[in-house]
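Asks: Residue numbers (my numbering), protein chains in the order written: chain A, 5 to 260; chain B, 67 to 394.
This is the structure in structure tokens:
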């Protein structure tokens with residue numbers, strides 16, 4: 005089983021510490037929520053975990069090897085990341101774009117076979133874009149582009165998912181749909197995921213573990229029930245929070 | 067875009083058009099040949115018409131085809147490299163360096179046969195200059211490359227203007243023809259065929275990577291591409307193609323911009339189909355343009371660059387407009 009480990013990781017950007025001595029292991033079956041206020045460095049930390057941003061010190065280990073020493077192709081077969089923004093500059097069809105997820109699995113001259121095409125079609129269906137296959141990506145709405153980017157990620161079949169605000173631009177129905185998909189992937193196939201989220205209640209509903217970034221390198225990580233409570237959230241977001249008991253568990257509201 | 071199932075058919079049509087254009091070019095000119103005249107002439111290369119076809123028109127048509135193809139591939143590559151559908155082979159200064167060296171050669175009266183080598187030399191200097199200045203040590207930066215290239219190109223343009231303003235009137239005409247792109251003195255060296263064939267095969271092998279690179283550097287890395295190496299490879303490949311094309315025919319404009327664009331409108335952005343389509347259409351387009359340049363005001367010859375612009379610009383605007391009406 006693939007795992008992703010952060011070993012006393014120090015990440016800084018522009019002189020600001022995002023996390024210092026971060027020790028963390030993403031294990032199969034775990035769904036982590038990455039929480040923190042705007043501009044605290046969630047995206048940078050995710051990029052660092054994907055090997056796209058160099059840490060100041062410490063290591064990110066993928067399958068017990070430092071991620072910086074692994075070829076990108078090897079990484080791409082194990083780890084996939086949904087970026088915060090999805091912009092398509094060149095004209096291509098939705099199906100073609102979903103199929104780019106197969107790229108790390110195909111050799112130099114190889115073409116996508118019927119099996120790859122089927123995977124792309126299934127992924128397109130799972131994000132509710134059926135019927136869009138031959139549409140141009142440049143004409144998609146923000147939410148549709150977002151769902152397509154998620155479909156490409158499913159087609160890539162990584163065991164470790166890093167998702168940077170996957171519910172951005174999505175309406176309620178599709179937020180739930182995407183989160184359900186992640187939940188099923190993690191539970192059924194023993195994948196693991198780290199999701200940067202702003203919606204506390206999505207985190208409360210879906211995550212098994214939480215990583216909180218407080219700023220100045222300060223962080224807390226652990227099972228959801230230990231971290232997700234009123235006091236911690238008030239400290240995290242610097243605003244008064246009210247906790248409500250609902251039929252599906254505790255939920256949180258900002259107190260204006 | 068045309069349906070996926072028709073793409074293969076389109077390639078056959080383009081291939082047919084390419085071959086047809088070369089035959090057409092060999093039959094037309096100041097001495098226009100009918101079908102039967104052409105047939106007898108082509109069988110006897112020592113006859114007067116045969117010599118015209120075999121020694122003059124066919125080599126020139128082939129040179130046009132090769133140059134057009136090279137510019138088209140280079141344009142496709144530059145557009146991926148800079149992630150901008152408006153990039154063309156000349157935007158990073160390759161042709162500027164070649165032009166400066168060539169004009170300098172003309173000023174000093176260097177023999178015409180050496181001019182292509184000067185062009186290659188000038189292009190190489192420009193390529194290495196931009197490469198060295200833009201490379202840096204950090205991650206790949208398309209913006210830094212673009213700025214370095216554009217500013218280098220402006221530098222060359224200033225030097226070219228300097229030469230033009232200091233040159234005697236009688237050499238200006240030749241210089242202007244070269245600058246606009248002209249195939250009158252073009253010869254087709256064998257190594258340029260090797261450059262075209264090699265780059266074409268390499269580019270086609272990289273086609274899926276190009277698709278991914280066009281989606282942005284971060285996306286490409288996440289999909290397993292070692293982007294830094296790949297993008298420099300794309301830069302060098304595009305530059306070598308441009309340098310070779312420019313050394314044969316001067317800086318013919320618009321082909322490298324318009325052909326990739328037209329083909330994108332027709333077949334989409336999958337480089338596995340875009341590259342062969344652009345290669346074939348680029349060749350066809352330049353052969354037809356050059357034939358028109360020879361014949362429109364014959365016996366006077368026009369620089370082919372004027373024709374490519376006059377044909378390309380309206381065609382492009384028309385297609386772009388129609389594409390927009392359909393909501394693409």
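Even glycine gets a Cβ: it sits at the ideal position worked out from N, Cα and C.
Predicted model, so just to flag it, every value in this text is computed and none were measured.
If you draw a straight line from the alpha carbon of residue 209 (chain B) to that of residue 143 (chain A), how long is it in whole angstroms?
Replies: Between residue 209 (chain B) and residue 143 (chain A), the C-alpha separation is close to 26 Å.
Asks: Got a sec: is the Cβ-Cβ distance from residue 72 (chain B) to anything in chain A below 9 Å?
Replies: No, residue 72 (chain B) lies away from the interface with chain A (no Cβ there is under 9 Å from its Cβ).
Asks: Considering only the alpha carbon of each residue, which of A:161, A:227, A:209 and A:63 lies closest to residue 109 (chain A)?
Replies: Among A:161, A:227, A:209 and A:63, the Cα nearest to that of residue 109 (chain A) is on A:161.
Asks: Using the rule of at least 16 other Cβ atoms within 10 Å of the residue's Cβ for burial, across every protein chain shown, is residue 162 (chain B) buried or exposed?
Replies: Classification for residue 162 (chain B): buried.
Asks: Measuring CB atoms only, is the region 49–57 of chain A touching the region 128–135 of chain A, in the sense that at least three cross pairs come out at less than 8 Å?
Replies: No, the region 49–57 of chain A is not in contact with the region 128–135 of chain A.
Asks: Cβ closer than 9 Å: which chain B residues qualify as neighbours of residue 96 (chain A)?
Replies: Simply 277, 280, 281, 334, 335 and 336.
Asks: What does residue 209 (chain B) touch in chain A if you count any residue whose Cβ is under 7 Å from its own?
Replies: Within chain A, no residue comes near residue 209 (chain B); the closest Cβ sits about 14 Å away, beyond 7 Å.
Asks: Distance, Cα to Cα, residue 197 (chain A) vs residue 350 (chain B)?
Replies: Looking at the two C-alpha atoms, the distance is approximately 52 Å.
Asks: Here's the rule: buried if 16 or more other CB atoms are within 10 angstroms of the residue's CB, otherwise exposed. What is residue 105 (chain B)?
Replies: That one is exposed.
Asks: What is the C-beta distance between residue 196 (chain B) and residue 168 (chain B), in whole angstroms, given that I count them as a contact (C-beta under 8 Å)?
Replies: The pair is not a contact, with the Cβ atoms about 19 Å apart (cut-off 8 Å).
Asks: Residue 173 (chain A) CB to nearest chain B CB: under 9 Å?
Replies: So, not an interface residue.
Asks: Keeping to the same chain, check which residues put their C-beta closer than 6 Å to that of residue 278 (chain B); ignore five residues upstream and five downstream.
Replies: 286, 289 and 291.
Asks: Find out if the Cβ-Cβ distance for the pair residue 66 (chain A), residue 82 (chain A) is shorter than 9 Å.
Replies: For residue 66 (chain A) and residue 82 (chain A), yes; Cβs fall inside 9 Å.
Asks: Would residue 17 (chain A) count as contacting chain B if we go by Cβ distances under 9 Å?
Replies: Not an interface residue.
Asks: Taking DSSP as the reference, what is the three-state secondary structure of residue 197 (chain A)?
Replies: Note: residue 197 (chain A) maps to strand in three-state DSSP.
Asks: Does residue 216 (chain A) get closer than 9 Å to chain B when you measure Cβ to Cβ?
Replies: So no, residue 216 (chain A) is outside the interface.
Asks: DSSP three-state label for residue 230 (chain A), please.
Replies: The answer is helix: DSSP assigns residue 230 (chain A) an H, G or I state.
Asks: If we ignore side chains and look at the alpha-carbon of each, how far apart do residue 150 (chain B) and residue 282 (chain B) end up?
Replies: Roughly 11 Å between the two C-alpha positions.
Asks: Which residues in chain B have a C-beta closer than 7 Å to the C-beta of residue 221 (chain A)? List them in chain order.
Replies: Simply none; closest approach about 24 Å.
Asks: Just the Cα atoms here: how many angstroms apart are residue 170 (chain B) and residue 229 (chain B)?
Replies: Each residue's Cα considered, the two are about 7 Å apart.
Asks: Between the C-alpha atoms of residue 34 (chain A) and residue 174 (chain A), what's the straight-line distance to the nearest angstrom?
Replies: Residue 34 (chain A) and residue 174 (chain A): Cα-Cα distance of roughly 24 Å.
Asks: Does DSSP put residue 193 (chain B) in a helix, in a strand, or in coil?
Replies: Three-state DSSP puts residue 193 (chain B) in a helix.
Asks: Along chain A, which residues have their Cβ under 7 Å away from the Cβ of residue 291 (chain B)?
Replies: Those are 76, listed as they occur along chain A.
Asks: Got a sec: is the Cβ-Cβ distance from residue 255 (chain B) to anything in chain A below 9 Å?
Replies: Cβ-Cβ to chain A under 9 Å: no for residue 255 (chain B).
Asks: Jot down the residue ranges of each uninterrupted alpha helix (DSSP H) in the region 274–304 of chain B, minimum 4 residues, whole runs only, in chain order.
Replies: Runs of the alpha helix (DSSP H) inside the region 274–304 of chain B: 283–288.
Asks: Short check: CB of residue 324 (chain B) to CB of residue 249 (chain B), under 9 Å?
Replies: For residue 324 (chain B) and residue 249 (chain B), no; Cβs fall outside 9 Å.
Asks: Among all the DSSP beta bridges, which residues are the ones paired with residue 258 (chain A)?
Replies: Paired residues: A:245.
Asks: Closer than 8 Å by beta-carbon distance: list the chain A residues that pair up with residue 151 (chain B), in chain order.
Replies: Those are 93 and 94, listed as they occur along chain A.
Asks: Rounded to whole angstroms, what is the Cα-Cα separation between residue 16 (chain A) and residue 169 (chain A)?
Replies: Their Cα atoms are separated by approximately 21 Å.
Asks: Within the region 38–114 of chain A, note down every full alpha helix (DSSP H) run reaching 4 residues or more, in order along the chain.
Replies: Segments of the alpha helix (DSSP H) lying fully in the region 38–114 of chain A: 46–53, 76–82 and 98–103.
Asks: Output yes if chain C places a C-beta closer than 9 Å to the C-beta of residue 56 (chain A); else output no.
Replies: The structure shown has no chain C; the protein chains it does contain are A and B.
Asks: Whole angstroms is fine: what's the gap from residue 117 (chain A)'s alpha carbon to residue 6 (chain A)'s?
Replies: Distance between the alpha carbons of residue 117 (chain A) and residue 6 (chain A) is about 27 Å.
Asks: Excluding sequence positions up to five away, which residues of its chain have a Cβ less than 6 Å from the Cβ of residue 247 (chain A)?
Replies: Closer than 6 Å at the Cβ level, and outside the excluded window around residue 247 (chain A), lie 234, 254 and 256.
Asks: Use the C-beta contact count for residue 394 (chain B): other C-beta atoms within 10 angstroms, 16 or more gives buried, fewer gives exposed.
Replies: Note that residue 394 (chain B) has pLDDT 43, beneath the 50 cutoff, so the model's placement of it is unreliable and the number below is only indicative. Counting Cβ neighbours within 10 Å, residue 394 (chain B) comes out exposed, since fewer than 16 surround it.
Asks: Please list the partners that residue 107 (chain A) has in chain B, where partner means a Cβ-to-Cβ separation under 7 Å.
Replies: Correct list: 274, 278, 289 and 290.
Asks: Checking contacts by CB at 9 Å: is residue 299 (chain B) closer than that to chain A?
Replies: No, because no Cβ of chain A sits closer than 9 Å to the Cβ of residue 299 (chain B).
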